[in-house]
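Per our numbering, residue 6 is the first one in the sequence shown, and the count goes up by one each step. The C-beta atom is built at its ideal place from N, Cα and C for all residues, glycine as well.
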Amino acid sequence: MTLSVSNLTVHHGAICAINQVSIDVPAGKLAAIIGSNGAGKTTLLRTISGLKNPTRGDITWNGQSISRIKPEMLVRRGISHVSEGKSVVPELSVRENLELGAIWRGNKKEAKESINQVITIFPRLGERIEQRADTLSGGERQMLAIGRAIMAKPQLLLLDEPSLGLAPLVVEQIFQTIRQLATSMNLTVLLVEQNAMGALKIADLGIVLNLGKVVAVNHAQALIDDPAVRTAYLGY
Ligand SMILES: Nc1ncnc2c1ncn2[C@@H]1O[C@H](COP(=O)(O)OP(=O)(O)OP(=O)(O)O)[C@@H](O)[C@H]1O
Ligand SMILES: [Mg+2]
6 MTLSVSNLTV HHGAICAINQ VSIDVPAGKL AAIIGSNGAG KTTLLRTISG LKNPTRGDIT
66 WNGQSISRIK PEMLVRRGIS HVSEGKSVVP ELSVRENLEL GAIWRGNKKE AKESINQVIT
126 IFPRLGERIE QRADTLSGGE RQMLAIGRAI MAKPQLLLLD EPSLGLAPLV VEQIFQTIRQ
186 LATSMNLTVL LVEQNAMGAL KIADLGIVLN LGKVVAVNHA QALIDDPAVR TAYLGY
């Protein structure tokens, strides 16, 4: 199941945030999208998950156009989005937040199995299952946001800055978990990150965005080895 973005242009009012972008992510591959602040990374993810309408261009998933489909319908087609910042309900418990992720499936038994699966991936969440989400640490909240996305049994996972604000050790752990998830669930993943090195290290391919345009696409390791990418995005 390939994700294909072709000639996509997206505006915020007069601002052109995504400018004629074309990207192909083959099934089961993890693609890292890197780029400076304001490059259009969040806009691209929000457009793929149906939260933002494109001005022009098309997005296909499994060969079918999804560019005019509402987010709640896209979840049913296997697309889960973990947005930038807090994507959990603070007043609800860890368990309730996880259950929300599976709500449209309407199958209590399946939801229970999925909760067990999430707890296996993130044991910390199991220890805090009845605790309110607003009492979790930043890292635990990020685990919960990813866990909730997994509850929907996605085939395509869109992650916006999962490492934001986390301590280096937790960042490393989150990246490793994302890699393992992608492999074990055969997920196609779009991973947007400011932590370009961390993301490229676990990715199959890398996409560099600058001012709304794709400026480089390559195997992740090739981008790491590219002197221009190193200087501009990896800081050495
Ligand atoms: N709701 C909005 N209204 C107006 N302009 C917006 C809106 N959202 C984003 N933009 C603009 O679109 C451009 C792309 O923003 P976007 O959030 O996609 O960038 P980003 O690559 O995710 O940046 P960051 O790394 O800071 O999260 C920016 O210039 C931003 O100011
Ligand atoms: Mg962003």
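Could you check whether the Cβ of residue i sits closer than 7 angstroms to any heavy atom belonging to ligand 3?
i	result
E89	Among the ligands present in this structure, namely ligand 1 and ligand 2, ligand 3 is not found.
Is the closest heavy atom of ligand 1 to the C-beta of residue i under 7 angstroms?
i	result
I212	no
G18	yes
N42	yes
Q199	yes
A237	no
A22	yes
Among the candidates the options, whose CA atom is the shortest distance from the CA of residue i?
i	options	result
Q136	P95, A225 and S168	P95
A37	L105, F180 and G111	F180
K75	K117, T52 and G68	T52
M190	L13, G18, G33 and V15	G33
V10	Y238, I212, H17 and A237	I212
L192	I120, P173 and I155	I155
T14	Y238, L239 and G217	G217
L149	E77, E115, R100 and D29	R100
E177	L205, N102 and G152	L205
In chain order, what residues of the same chain have a beta carbon less than 6 angstroms from the beta carbon of residue i, not counting five sequence neighbours either side?
i	result
R184	I207
L49	I23
V194	L35, L162 and A187
E89	T47, D165 and E166
S119	A107 and M156
Just to check, is the beta-carbon of residue i closer than 7 angstroms to a non-hydrogen atom of ligand 2?
i	result
K46	yes
D165	yes
Along the chain, where does the beta strand (DSSP E) containing residue i start, and where does it finish?
i	result
E256	With the chain covering only 6 through 241, there is no way to say anything about residue 256.
A107	Looking at the DSSP string, A107 is not in any beta strand (DSSP E), and its letter there is neither H nor E.
L210	L210 to N215
L2	Since the first and last residues shown for the chain are 6 and 241, residue 2 lies out of range.
K218	K218 to H224
I28	I20 to V30
I'd like the span of the alpha helix (DSSP H) that includes residue i, first residue to last.
i	result
S189	P173 to S189
L97	Unbroken run through L97: none, as it is neither H nor E.
R146	G143 to M156
A201	A201 to I207
T65	Careful: T65 lies outside any alpha helix (DSSP H), inside the beta strand (DSSP E) at R61 to W66.
Under 7 angstroms Cβ to Cβ from residue i, same chain only, skipping five residues before and after it: list those, please.
i	result
G131	I124
Q147	P167, L171 and I179
Are any of the Cβ atoms in chain C nearer than 8 angstroms to that of residue i?
i	result
L216	Here there is only one protein chain, and chain C is not present.
Residues in its own chain within less than 8 angstroms of residue i by CB, not counting five upstream and five downstream?
i	result
E104	A116, I120 and M156
| query | Do the region 155 to 174 and the region 84 to 95 touch if we need at least three Cβ pairs shorter than 8 angstroms? | reply | yes
| message | Closer than 8 angstroms is the cut-off here; do at least three beta carbon pairs connect the region 95 to 105 with the region 47 to 67? | response | no
| query | Is the region 191 to 205 touching the region 223 to 232, taking contact as three or more C-beta pairs under 8 angstroms? | reply | yes
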